[in-house]
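A.B. asks: Below you'll find the structure I mean.
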Amino acid sequence: MNKLVYWYHKLGSPPTFYRFAGVLRPWCLAIALILAVIGLYGGLYLAPADYQQGDAYRIIFIHVPSAWMSLFIYGVMAVAALVAVVWRMKMAEVIAMQSAPIGAAFTFITLCTGSLWGKPMWGTWWTWDARLTSELVLLFIYLGIIGLFHAFEDRRHGARAACFLILVGVVNLPIVHYSVVWWNTLHQGTTVRIFGKSNITTSMLWPLLVMMFSTKFYYAASLFGRARADLLDLESGKAWVKQIASDEEARS
Amino acid sequence: MHPTRKRRLIIVLLMVAAAAVAIGLTVFALQKNVTYLFSPTEVLNGKAPAHSPFRLGGVVKEHSIHRDPSSLKVDFVVTDRFHDMPVQYTGILPDLFRVGQSVIATGQMDGKHFKATEILAKHDSTYMPKEVADAIKKAEAAGRAKNAEHKTAAPAAPTQGGDAH
Chain R
5 MNKLVYWYHK LGSPPTFYRF AGVLRPWCLA IALILAVIGL YGGLYLAPAD
55 YQQGDAYRII FIHVPSAWMS LFIYGVMAVA ALVAVVWRMK MAEVIAMQSA
105 PIGAAFTFIT LCTGSLWGKP MWGTWWTWDA RLTSELVLLF IYLGIIGLFH
155 AFEDRRHGAR AACFLILVGV VNLPIVHYSV VWWNTLHQGT TVRIFGKSNI
205 TTSMLWPLLV MMFSTKFYYA ASLFGRARAD LLDLESGKAW VKQIASDEEA
255 RS
Chain D
18 MHPTRKRRLI IVLLMVAAAA VAIGLTVFAL QKNVTYLFSP TEVLNGKAPA
68 HSPFRLGGVV KEHSIHRDPS SLKVDFVVTD RFHDMPVQYT GILPDLFRVG
118 QSVIATGQMD GKHFKATEIL AKHDSTYMPK EVADAIKKAE AAGRAKNAEH
168 KTAAPAAPTQ GGDAH
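Residue numbers (our numbering), protein chains in the order written: chain R, 5 to 256; chain D, 18 to 182.
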């Protein structure tokens with residue numbers, strides 16, 4: 005069998021994922037913390053002040069990675085939701101549902117830090133421009149997903165309904181990303197580009213990229229922890245969970 | 018692929034496509050009705066409402082900012098490089114407000130003046146240290162001086178571009 009297909013099926017089984025996530029989680033958390041320290045030291049201390057904004061621009065080292073994560077996590081959830089809806093894979097439901105609160109948290113951080121920066125720089129806490137509004141809609145979609153999941157008596161029904169909402173909400177992702185191009189917004193356009201030249205000095209760019217990786221690893225660590233706890237709940241009564249429970253009891 | 022899975026996949030794809038079309042049409046419809054801002058040229062051509070508030074967008078013109086030393090009153094000129102529009106405002110200006118910056122003023126016409134109730138400054142999405150910005154300005158000024166010199170003396174030699182960033 006193809007190696008990729010093999011791992012897909014292997015990780016789709018709750019006990020294997022539980023063990024796999026348990027091994028990776030501390031490493032992901034450690035890498036995330038180390039990268040965050042490096043990135044914040046580089047961003048808040050080593051990077052020079054901006055020619056226009058002085059030190060106030062330093063909020064981008066939190067704001068921009070959070071904003072990227074708010075979109076990235078939704079993308080992960082959309083793939084998991086597609087697998088969950090079409091192939092009815094239990095593990096994919098868990099990943100999609102347990103990612104939602106993390107994504108909502110990053111979206112909330114993005115909106116708050118943006119607002120804090122917007123008041124002194126733009127002159128307003130909030131304006132109904134396309135980027136800000138679509139990001140707010142993204143937060144509401146996240147909250148809707150979490151709410152819908154918990155509204156059902158049967159959690160697998162809830163997860164399936166919420167997965168449909170995730171898939172419909174995918175429409176918002178390109179709107180968030182391209183809002184600054186399609187409309188005349190107060191929010192500035194893209195600074196960091198994968199293709200072409202970024203409008204940012206290298207000494208300011210590298211801490212931003214380090215923070216980008218840090219938030220990715222944090223997401224992995226957080227997701228693994230949440231998924232493990234959720235699996236124990238979902239599979240309670242199954243032999244492998246009973247085994248873990250009795251092992252824990254024997255240890256204490 | 019298993020037929021039930023195939024059916025589910027098709028349903029999901031149709032659903033997403035339908036949502037995309039619905040949102041796309043809504044956005045397209047809104048775009049025709051909602052104008053975020055008017056430029057000074059549009060205002061002078063009578064496109065902006067005369068007696069209700071609207072947003073005026075443009076660049077703060079050089080040497081046009083006058084502050085009242087005893088109050089928060091400030092007046093300046095917003096331009097789109099074709100036409101100018103004098104703006105009056107009382108209040109605290111955002112940090113990014115300066116000559117040459119894009120601003121969005123909310124308010125309404127008061128005779129020939131635009132009386133603003135809110136001034137927002139737009140960020141140009143460029144980040145660099147002050148030293149680099151100064152160096153670029155210096156290089157540009159030097160380039161201009163050199164050009165002027167060459168125009169009077171010799172034919173133009175290649176000048177150093179301001180690509181220092």
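All C-beta atoms in this analysis are idealised placements derived from N, C-alpha and C, irrespective of residue type, glycine included.
Just so it is clear, the structure is predicted and the values come from calculations on it, not from any experiment.
Strictly below 8 Å CB to CB, what residues from chain R border D:Ser69?
C.D. replies: By Cβ distance, chain R contributes nothing, its closest Cβ being about 17 Å from D:Ser69, past 8 Å.
A.B. asks: Does D:Met102 come within less than 8 Å of chain R when only Cβ atoms are used?
C.D. replies: no
A.B. asks: Tell whether a beta-carbon distance below 8 Å holds between D:Gly75 and D:Asp97.
C.D. replies: yes
A.B. asks: Is the CB of D:Ala159 under 8 Å away from at least one CB in chain R?
C.D. replies: no
A.B. asks: Give the interface partners of D:Lys139 over in chain R, defined as CB-CB distance under 8 Å, in chain order.
C.D. replies: Trp126, Leu190, Gln192
A.B. asks: Just reading off the beta strand (DSSP E) that D:Arg72 is part of, what are its end residues?
C.D. replies: 71-77
A.B. asks: To test your reading of the DSSP string, which unbroken alpha helix (DSSP H) runs of 4 or more residues are found completely within the stretch 174-230 of chain R?
C.D. replies: For secondary structure counted as the alpha helix (DSSP H) over 4 or more consecutive residues, the stretch 174-230 of chain R holds these complete runs in sequence order: 176-186.
A.B. asks: Taking the straight line between their C-alpha atoms, what separation do you get for D:Met18 and D:Ile28?
C.D. replies: 15 Å
A.B. asks: Does the stretch 7-27 of chain R come close enough to the stretch 233-243 of chain R that 3 or more CB-CB pairs lie under 8 Å?
C.D. replies: With the cut-off at 8 Å, the stretch 233-243 of chain R and the stretch 7-27 of chain R touch.
A.B. asks: Can you tell me where the beta strand (DSSP E) holding D:Pro66 begins and where it ends?
C.D. replies: Premise fails: D:Pro66 is in no beta strand (DSSP E) and is neither H nor E.
A.B. asks: Given that a residue counts as buried once 16 or more other Cβ atoms are within 10 Å of its Cβ, and exposed if not, what is R:Phe153?
C.D. replies: buried
A.B. asks: Any idea what DSSP makes of D:Glu135, helix, strand or coil?
C.D. replies: strand
A.B. asks: Which residues in chain D sit within 7 Å of R:Lys91, going by Cβ to Cβ distance?
C.D. replies: In the sequence under discussion, the amino acid at residue 91 of chain R is Trp, which differs from the Lys named in the question. The contacting residues are Arg22.
A.B. asks: Straight-line CA distance for D:Lys155 to D:Ala162?
C.D. replies: 10 Å
A.B. asks: May I ask which residues mark the beginning and end of the beta strand (DSSP E) holding R:Ile77?
C.D. replies: Looking at the DSSP string, R:Ile77 is not in any beta strand (DSSP E); the run it does join, the alpha helix (DSSP H), is 64-91.
A.B. asks: Examine chain D for any beta-carbon lying closer than 8 Å to the beta-carbon of R:Ile204, and answer yes or no.
C.D. replies: yes
A.B. asks: Any idea what DSSP makes of R:Asp234, helix, strand or coil?
C.D. replies: helix
A.B. asks: Helix, strand or coil for R:Thr131, going by three-state DSSP, please let me know.
C.D. replies: Note: R:Thr131 maps to coil in three-state DSSP.
A.B. asks: For the stretch 29-55 of chain D, which residues have a CB atom closer than 7 Å to at least one CB atom of chain R, in sequence order?
C.D. replies: Val29, Met32, Val33, Ala36, Ala37, Ile40, Tyr53, Leu54
A.B. asks: Does any C-beta atom of chain R lie closer than 8 Å to the C-beta of D:Val149?
C.D. replies: Interface residue, yes.
A.B. asks: Just curious, the beta strand (DSSP E) that D:Ser119 is in, first and last residue?
C.D. replies: Start and end: 119-127.
A.B. asks: Does the beta carbon of D:Tyr106 sit closer than 8 Å to a beta carbon anywhere in chain R?
C.D. replies: no
A.B. asks: Beta-carbon separation of R:Leu169 and R:Ile149 under 8 Å?
C.D. replies: yes
A.B. asks: Measuring alpha carbon to alpha carbon, tell me which of R:Gly79, R:Gln56, R:Ala100 ends up nearest R:Ala88.
C.D. replies: R:Ala100
A.B. asks: Between R:Val172 and chain D, is the shortest Cβ-Cβ distance under 8 Å, so that the two count as touching?
C.D. replies: yes
A.B. asks: Listing by chain order, which chain D residues have their CB less than 7 Å from the CB of R:Tyr275?
C.D. replies: Given a span of 5 to 256 for chain R in the structure shown, any question on residue 275 of chain R remains unanswerable.
A.B. asks: Whole angstroms are fine: how far does the CA of R:Cys32 sit from the CA of D:Leu31?
C.D. replies: 37 Å
A.B. asks: Taking just the CA atoms, how far does R:Val141 sit from D:Ala174?
C.D. replies: Only weak support is given to the placement of D:Ala174: the predicted model assigns it a pLDDT of 42, under 50, and the question is left unresolved by the model.
A.B. asks: For D:Asp92, write down the residues that DSSP places opposite it in a beta bridge.
C.D. replies: D:His83, D:Gln105
A.B. asks: Which residues in the same chain as R:Leu15 place their Cβ atom closer than 8 Å to its Cβ, once the five residues preceding and following it in sequence are excluded?
C.D. replies: Phe21, Phe24, Met95
A.B. asks: Excluding five sequence neighbours on each side, which residues of the same chain lie with their C-beta closer than 7 Å to the C-beta of R:Ala108?
C.D. replies: Taking C-beta separations shorter than 7 Å and ignoring five residues to either side along the sequence, the partners of R:Ala108 in its chain run Leu143, Tyr146, Leu147, Ile150, following chain order.
A.B. asks: Can you tell me whether D:Phe55 is helix, strand or coil according to DSSP?
C.D. replies: strand
A.B. asks: For a test of the three-state rule: what should DSSP assign to D:His130, helix, strand or coil?
C.D. replies: If DSSP states are grouped into helix, strand and coil, D:His130 belongs with the strands.
A.B. asks: Under 8 Å, do D:Pro86 and D:Gln125 count as touching if we go by C-beta distance?
C.D. replies: no
A.B. asks: Where does the unbroken alpha helix (DSSP H) through R:Trp126 begin, and where does it stop?
C.D. replies: R:Trp126 -> no alpha helix (DSSP H), and no H or E assigned at all.
A.B. asks: Check the Cβ-Cβ distances between D:Ser87 and every residue of chain R, and say whether any is below 8 Å.
C.D. replies: The beta carbon of D:Ser87 does not come within 8 Å of any beta carbon belonging to chain R, so the residue lies off that interface.
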